[in-house]
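Residue numbers (the working numbering): 6 to 275.
The structure appears right after this line, and notes come after that.
Given below as structure tokens:
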């Protein structure tokens with residue numbers, strides 16, 4: 006490496022409910038990470054492998070290695086972000102992410118996340134970190150929601166995706182219209198689930214589901230050189246969660262297909 010000189014870094018801090026042990030299980034075990042972020046494989050030791058399954062396809066993964074594992078205190082890992090973004094061999098250092106946990110008052114903990122890397126200052130590097138900086142806030146808030154509503158529970162993951170013809174901002178509007186929501190707190194009653202809109206930010210919606218199962222249902226709009234699309238990610242909990250996902254996932258896939266197809270037809274006729 007020719008000593009890359011551009012530093013990329015962001016830091017986030019969040020207060021979450023729970024003891025340091027409860028928070029540690031959520032951030033430093035495969036079951037815990039999968040319950041609020043994305044399905045994850047983890048060899049929980051320094052030098053152990055780490056795989057984040059980030060999308061519907063078998064190649065939508067990010068691979069890394071654990072670099073620190075101090076129970077109830079510090080968890081850190083590195084990822085090959087150059088390969089992840091299609092720039093394998095780029096003169097950059099690994100993407101280093103560190104979670105720090107500290108007990109606070111009132112049965113809460115402070116979680117601090119620091120992510121950094123050095124590169125050459127290429128445009129793709131800045132774009133990657135801009136997206137991570139904006140996206141990590143929502144991802145970390147999922148940790149808060151998990152520890153608030155579903156602490157210690159095992160997740161049944163659900164996913165669906167569909168391509169879109171328009172821009173990501175337009176795609177998320179189509180999903181919002183289909184859910185018939187406008188503002189955070191609005192009720193959601195779609196395909197038999199009941200809940201409320203918990204988060205609404207550019208290119209992302211999150212529904213907190215109450216019935217007939219409990220969980221989080223996220224919708225992400227994305228765009229890039231490979232095209233645009235909508236990815237739906239579900240974190241479902243409870244005794245009947247796995248059976249519900251097996252039964253209902255095809256219905257949600259068909260629903261998403263209908264939304265994107267209708268949106269495309271409307272654009273074509275405009």
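Every residue gets a Cβ at the ideal spot worked out from N, C-alpha and C, and that includes glycine.
As the structure is a prediction and not an experimental result, all values here were calculated from the model.
Query                                                                                          : Result
The region 101-121 contacting the region 67-82, beta-carbon criterion three pairs below 8 Å    : yes
Bridge-paired residues (DSSP) for residue 206                                                  : 209
CA-to-CA distance, residue 90 to residue 99, given in whole angstroms                          : 13 Å
Residues sharing a beta bridge with residue 237, DSSP                                          : 165, 224
Short Cβ contact (8 Å threshold) for residue 228 with residue 214                              : no
For residue 156, the three-state DSSP class (helix, strand or coil)                            : coil
N-terminal and C-terminal residue of the alpha helix (DSSP H) that residue 88 is part of       : 86-89
Alpha carbon of residue 224 to alpha carbon of residue 174, nearest angstrom                   : 12 Å
At least 3 beta-carbon pairs within less than 8 Å: the region 155-164 vs the region 232-252    : yes
Three-state secondary structure (DSSP) of residue 93                                           : coil
Beta-carbon proximity check, residue 132 vs residue 77, cutoff 8 Å                             : no
Straight-line Cα distance separating residue 253 from residue 267                              : 21 Å
Cβ-Cβ distance between residue 140 and residue 237 below 8 Å                                   : no
Under the three-state DSSP convention, the category residue 183 falls into                     : helix
Per-residue DSSP class, three states only, for residue 253                                     : helix
6 Å CB neighbourhood of residue 12 in its chain, flanking five on each side removed            : 123
Distance between residue 48 and residue 17 (C-alpha atoms, nearest Å)                          : 25 Å
Buried or exposed by the 16-neighbour rule on C-beta atoms within 10 Å, applied to residue 125 : exposed
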